[in-house]
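Residue numbers (the numbering used here): 2 to 401. In this text, a Cβ means the ideal position worked out from N, Cα and C, and glycines have one as well. As the structure is a computational prediction, the values presented were derived from the model and not from experiment. Below is one structure, written out as structure tokens; comments come after it.
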Amino acid sequence: MTRPARSADPRPGAPRPQTAAGDPATRPRKQEQEPASEEVTEVAPGVLRLQLPIWMPGLGHVNTYALVDDRGVALVDPGLPGPRSWRELRRRLRAAGFRLRDVHHVIVTHSHPDHFGAAGRLRREAGAELVAHRAFTTWSLSPKAATVSEAEAERVEREAIEAAARYGGPSLEEVVELEGITQERQRQSVPWGGSTPWGGSRHPLPPWHRRLLIRALRLLFVPPDPTRRVIHGSPLRLAGREWLAVHTPGHTLDHLCLWDPEHGVLLSGDHVLPTITPHIAGSAQGDSLSAYLATLDLVARLDGVRLGLPAHGHPFTDVPGRVAAIRAHHAERMERLRAASRALGPADVRTISRELFPRWHWGVMAESETFAHLEHLRRAGQAERWREGDRLVYRVEEAP
Ligand SMILES: [Zn+2]
Ligand SMILES: [Zn+2]
């Protein structure tokens, strides 16, 4: 496979090649797919970017942000589990002038393995506090599943509402509504198991492959049990100043961004990426697309937001512009969904997803996103749903 070469431009917000249609072998590489750079760069005051390699389809690296203060560093999204990523993380830390024991906090933006992989090990080996959203869940490979007491949840919620009021975030009702979405945790006992809410296997892997992956995880993975669970508006002291947790469900239920109102910096995780449209995880109990679009608007409206620091790709300056582009993508996807349903008649999620996505995207991710769009329309009274055997079947109405 050959890819057109492109020159690296390290300036934050520098123009990047845009998405091109066509076969993946001939498309130009997106910035989120570039291999991890060895360079440590300061991307905002007291914020270093350490890029770690990842081995996942469609992505070349994850940005681990090191937030420096007089006690050492807090790391945001420390990469995949396993020794390879761990070695790279330690090398980057050394290059930045830190030792493992200087890491006093780890913040995980959401429950995807390229973000939480090394978090449990950092907690164990560096004694770091581990911060994640209240709804954060991951595979229960150990019997020590994390829980939070009612009293603690109430205290944090109070704190959050007060903090949200301070920076003009959503009202109490909006906070409660968004938090409500996150109550429907789907704890999986092991990864790659079970069936999807719309019918069909969640991860159609051959049994031997599944056994191999689970065994590897048991050996390599320290479960990242948070020591502090935050909710929307919770304050966090990082890089010598106050940041606020911004709950941004959609990509996952537990997704967090971190907002620095003093410098207008948003650590956007996978909520807003510079050129890739983040995947929306369909949910059986909630409208994840509505939650996603609402919280896209929330981050675009943050007063004085001037720099987005994404988990993949380069820093970008126009957060509202990027939000508008992602919104336009979903509006267009909705139109294509209506057209597909018109052409197909009643159809299951897999069939519809194959009308919407090119062949190289077919699979559970494409089905999950199609499911999110279908549920969004159904809850708006614009689609009908019924069950045929183990599958959900949908018919979408014409645009109102
Ligand atoms: Zn993710
Ligand atoms: Zn990611």
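Rounded to whole angstroms, how far is the Cβ of residue i from the Cβ of residue j, which I believe are closer than 8 angstroms?
{"i": "His-377", "j": "His-256", "result": "Not quite, the Cβ-Cβ distance comes to about 17 angstroms (not below 8 angstroms), so this is no contact."}
{"i": "Thr-371", "j": "Leu-393", "result": "Not a contact, Cβ separation roughly 11 angstroms."}
{"i": "His-1", "j": "His-248", "result": "Nothing can be reported for residue 1: it is not among the residues displayed for the chain, which extend from 2 to 401."}
{"i": "Arg-323", "j": "Gly-309", "result": "7 angstroms"}
{"i": "Arg-125", "j": "Thr-228", "result": "Wrong, their Cβ atoms sit about 11 angstroms apart, outside the cutoff."}
Can you tell me whether residue i is buried or exposed, with buried defined as 16 or more other CB within 10 angstroms of its CB?
{"i": "Gln-34", "result": "buried"}
{"i": "Arg-302", "result": "exposed"}
{"i": "His-330", "result": "exposed"}
{"i": "Ser-289", "result": "buried"}
{"i": "Trp-87", "result": "buried"}
{"i": "Ala-312", "result": "buried"}
{"i": "Glu-399", "result": "exposed"}
{"i": "Gly-73", "result": "buried"}
{"i": "Pro-79", "result": "buried"}
{"i": "Trp-56", "result": "exposed"}
{"i": "Asp-304", "result": "exposed"}
{"i": "Arg-388", "result": "exposed"}
{"i": "Arg-360", "result": "exposed"}
{"i": "Ala-381", "result": "exposed"}
To the nearest angstrom, how far is the alpha carbon of residue i from that of residue j?
{"i": "Gly-364", "j": "Val-350", "result": "11 angstroms"}
{"i": "Ala-37", "j": "Ala-120", "result": "19 angstroms"}
{"i": "His-105", "j": "His-280", "result": "31 angstroms"}
{"i": "Tyr-293", "j": "Thr-278", "result": "12 angstroms"}
{"i": "Arg-93", "j": "Ala-75", "result": "14 angstroms"}
{"i": "Glu-333", "j": "Arg-95", "result": "46 angstroms"}
{"i": "Asn-64", "j": "Gly-390", "result": "43 angstroms"}
{"i": "Pro-84", "j": "Ala-344", "result": "49 angstroms"}
{"i": "Glu-89", "j": "Arg-396", "result": "49 angstroms"}
{"i": "Arg-1", "j": "Trp-199", "result": "Only positions 2 to 401 of the chain appear in this structure, which leaves residue 1 out of reach."}
{"i": "Gly-118", "j": "Gly-346", "result": "42 angstroms"}
{"i": "Ala-136", "j": "His-362", "result": "28 angstroms"}
{"i": "Asp-70", "j": "Leu-101", "result": "15 angstroms"}
{"i": "Leu-81", "j": "Pro-54", "result": "9 angstroms"}
{"i": "Pro-62", "j": "Gln-52", "result": "A small correction: the amino acid at residue 62 is His; Pro does not occupy that position in the sequence shown. If I take the Cα positions, the gap works out to 6 angstroms."}
{"i": "Pro-275", "j": "Val-320", "result": "9 angstroms"}
{"i": "His-264", "j": "Ala-325", "result": "22 angstroms"}
Could you tell me which residues DSSP pairs with residue i in its beta bridges?
{"i": "Ile-108", "result": "Val-77, Val-132"}
{"i": "His-62", "result": "Pro-54"}
{"i": "Arg-238", "result": "Glu-243"}
{"i": "Phe-317", "result": "Gly-309"}
{"i": "Trp-387", "result": "Val-394"}
{"i": "Leu-267", "result": "Trp-260, Gly-309"}
{"i": "Thr-42", "result": "Arg-50"}
{"i": "Asp-349", "result": "Val-394"}
{"i": "Val-69", "result": "Val-74"}
{"i": "Arg-229", "result": "Val-132"}
How do the segment 44-57 and the segment 286-297 stand: do at least 3 beta-carbon pairs fall below 8 angstroms, yes or no? no
Decide if the segment 280-289 is in contact with the segment 228-241; the criterion is three or more beta carbon pairs, one per stretch, under 8 angstroms apart. no
Would you check if the segment 246-253 and the segment 336-348 touch, i.e. whether three or more CB-CB distances between them fall below 8 angstroms? no
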